[in-house]
Amino acid sequence: MESIDISVLRELRDWRAAGRHALLATVVRTWGSSPRPPGSMMALREDGRIAGSVSGGCIEDDLAARYSRIDGGPGMNGGAPGLVRYGVSADEAHRFGLPCGGTLELLLEFDPDAAQLERLMHMLDGGALVRRSLCVADGAVALEKAEAPAEVAFDGARLTVTLGPAYRMLLIGAGALSQYLATMALFSGFDVTLCDPRREYLDAWAVPGVKSTTEMPDDAVVAFRPDRRSCIVALTHDPKLDDLALLEALHSPAFYIGAIGSRRNSANRRDRLAAHFGESRESLARLHGPVGIYIGSKTPPEIAVSVMAEILAAKNGVAECGSPVAAAKDRRESLAA
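In this text, residue positions in the sequence shown follow the numbering used here: the first is 1, and each later residue adds one.
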């Protein structure tokens, strides 16, 4: 399952390639609370069909009434991009289902060029990170490869959005926890790869849409080529497998590296990696172990929720997302003593 915004662009590309009129709406600025962040996209076809979202539904309905032909609407007449703002007044915020004080501004592109959308999707499907820049005055679009992810930029005259590639997850170990975590990652827009050299475990895998490999974990990490949109989670409980993967992962740009285990096992792992492999305190600080935030989880699906929450917090740059498992358990034990 690809990211929502890439899916929107793919749908828009197909509509325009078929000769259908359509617009692309992008959230460019927000004030106060808002339902979607800057960069969020939706596409609207002339017959009222919608892909993606910029709110909880009311703004989408209003855009359809303004620009589609449903219920005798005016349709789309093309032209230069335009800005539209929702939620300026309390009445509007209530009408469009925005949080109290929430305001968002959208940039509307009418009938984006089909050939350029095709080129954009070709670049994204090839794994490129793409910077898409739009000139508000005339609707001219420039596409170029980017070296690193970047925040949405809008100065009133130009909108720049960096797209793709998908966030990726490498799982080490094909157990029950991996199946739940992989499912959550897929629904969160991650591309998931599973590594397990133990064929008997891999044969029991039951989650579609996940790539798999029987390489040794350290080789799998190297082949995975982690970048700043990658996370690596070791879940076998076997030091011979998990440690090898972690050694490679800790020296990669991956935004999250985690390993399952108890507090004692996690401490022993850090001692092993430092004593036998020369890992430093700084490199080991990147290792989340035990993985997850503390929610009192005991079962594989609940542990997967805990781990996925911590991964998403790291992805979204949230420094304080709740208590890590080890810290929370230590605090509970000290209070009970």
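Glycine included, C-beta positions come from ideal geometry on N, C-alpha and C.
Computed from a predicted structure; not experimentally measured.
- ALA274 has its alpha-carbon roughly 48 angstroms from the corresponding atom of ASP155.
- Note that the C-beta distance between ALA254 and ARG228 is below 9 angstroms.
- The continuous stretches of alpha helix (DSSP H) do not include VAL130, which lies in the beta strand (DSSP E) extending over residues 130-135.
- Its chain contains ASP218, VAL221, VAL222 as the residues whose beta carbon lies nearer than 7 angstroms to that of GLU248, once the 5 sequence neighbours on both sides are disregarded; these appear in chain order.
- With respect to the C-alpha of SER262, the residue from LEU177, GLY289, CYS58 having the closest C-alpha is GLY289.
- Inside the region 156-211, DSSP marks whole alpha helix (DSSP H) runs of 4 or more residues at positions 176-187, 199-202, from first to last along the chain.
- Only residues of its own chain outside the window of five on either side were considered, and among them VAL27, VAL54 have a CB closer than 6 angstroms to the CB of ARG36, listed in chain order.
- By the beta-carbon neighbour count (other beta carbons within 10 angstroms, threshold 16), TRP31 is exposed.
- Rounded to the nearest whole angstrom, the C-alpha separation of GLY258 and GLU105 is 38 angstroms.
- Spatial neighbours of ARG85 in its own chain (CB-CB distance under 8 angstroms, excluding positions within 5 residues in sequence) are listed in chain order as THR103, LEU104, GLU105, LEU106.
- Under the three-state reduction of DSSP, LYS298 is assigned to coil, being neither helix nor strand.
- Annotation: the continuous beta strand (DSSP E) that includes ARG45 extends over 41-45.
- Scanning its chain for C-beta atoms nearer than 8 angstroms, with the 5 sequence neighbours on each side dropped, one finds around ALA43 the residues VAL8, LEU9, GLU11, LEU12, TRP15, ALA22, LEU23, LEU24, ALA25, ILE50, ALA51, GLY52, in chain order.
- Short of 7 angstroms from the beta carbon of GLY164, and not among the five residues preceding or following it, lie these beta carbons of its own chain, in chain order: ILE6, LEU124, ALA128, LEU129, VAL130.
- Following the DSSP letters along the chain, one finds ILE59 inside the alpha helix (DSSP H) bounded by residues 58-67.
- Distance check between ARG66 and each of GLU46, GLY79, PRO81 places GLU46 closest, using alpha-carbon atoms only.
- Around the C-beta of ARG132, 16 or more other C-beta atoms lie within 10 Å, and the residue is accordingly described as buried.
- Contact check for VAL233 and VAL291: beta-carbon distance about 6 angstroms, within the 8 angstroms limit, so the pair qualifies.
- Distance from GLY173 to ASP203 at the Cβ level is roughly 14 angstroms; contact not present, criterion being Cβ atoms closer than 8 angstroms.
- Burial of THR183 is indicated by the presence of at least 16 other C-beta atoms within 10 angstroms of its C-beta.
- With fewer than 16 neighbouring CB atoms inside 10 Å of its own CB, GLU144 falls in the exposed class.
- Using a 10 angstroms sphere on the CB of GLU147, the tally of other CB atoms stays under 16, which defines it as exposed.
- Residue pairing by DSSP leaves TRP15 without any beta bridge partner.
- In terms of CA proximity to CYS231, ALA313 leads the group ALA176, GLU302, ALA313.
- Contact annotation: ASP138 and ARG168 have beta-carbon atoms that are not nearer than 9 angstroms.
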